[in-house]
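> A single structure is presented below for examination.
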Amino acid sequence: MCYCSNEAPFQQCCEPFISGAESPKTAEQLMRSRYSAYVVKNAQYIRETYAKEEQKHHSVEDILAFASAVDFISLEILSASDAADGSIVEFQATYITENKVCVLHERSNFILEAGLWKYLDGHIYPTPEIKLGRNDECPCGSGKKFKKCHST
Numbered sequence: 001m002c003y004c005s006n007e008a009p010f011q012q013c014c015e016p017f018i019s020g021a022e023s024p025k026t027a028e029q030l031m032r033s034r035y036s037a038y039v040v041k042n043a044q045y046i047r048e049t050y051a052k053e054e055q056k057h058h059s060v061e062d063i064l065a066f067a068s069a070v071d072f073i074s075l076e077i078l079s080a081s082d083a084a085d086g087s088i089v090e091f092q093a094t095y096i097t098e099n100k101v102c103v104l105h106e107r108s109n110f111i112l113e114a115g116l117w118k119y120l121d122g123h124i125y126p127t128p129e130i131k132l133g134r135n136d137e138c139p140c141g142s143g144k145k146f147k148k149c150h151s152t
């Protein structure tokens, strides 16, 4: 299973986009590949898939610092709609950081630039952080206690 929650293996799902062998054909594919790029810490791909006007606001170093500070554990696509001039993908990305479970719930806007889908911006919905105890079940679904799995 790919990091983005698709059934296909990473090598057949998101890796061809991240490696540059293929280009995402939909905004949802781009969203999924950006998530997977965060998991594998490919900050360059994430920066390159921002819309041109947004790239100057996001350095490879800042992207990598965030990707390295968290453990992404799941992605859920809530809705996706493609249009000729832009698309919207709403998703929830769950991650662990500093012994807390966090959910990034965003409604993202994508545009086509030179025939390629790019992330423009998004609206982030507030979500509560959940503090994890060492003996809690790990939220990654491993069935292990948190202290034996993702505890820092």
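Quick note: the sequence shown uses the UniProt record's numbering, first residue 1, plus one each step. For every residue, glycine included, the Cβ atom is placed at its ideal position computed from N, Cα and C.
(1) Pick helix, strand or coil for S23, following the three-state DSSP scheme.
(2) Quick test of your reading: S108 and I88, contact by CB under 8 Å. State the CB separation rounded to the nearest angstrom.
(3) Look up E90 in the DSSP assignment and say whether it is helix, strand or coil.
(4) Roughly how many angstroms separate the alpha carbons of L64 and G122, rounded to a whole number?
(5) Note down the Cα distance separating Q71 from K25, rounded to an integer number of angstroms.
(6) Which residue or residues does DSSP assign as beta-bridge partners of S59?
(7) Just tell me which of N6, T49 and Y95 has its CA closest to the CA of P128.
(8) Taking DSSP as the reference, what is the three-state secondary structure of S151?
(9) What number of angstroms, rounded off, separates the C-alpha of Y119 from the C-alpha of E7?
(10) Which stretch, first to last residue, makes up the beta strand (DSSP E) that contains H119?
Here's the rundown:
(1) coil
(2) 7 Å
(3) strand
(4) 20 Å
(5) Sequence inspection shows Asp at residue 71; the Gln mentioned does not correspond to that position. Using only the alpha carbons, I get a separation of about 27 Å.
(6) Its beta-bridge partners do not exist; DSSP assigns none.
(7) Y95
(8) coil
(9) 24 Å
(10) In the sequence as displayed, the identity of residue 119 is Tyr instead of His. L116 to Y125 is the extent of the beta strand (DSSP E) around Y119.
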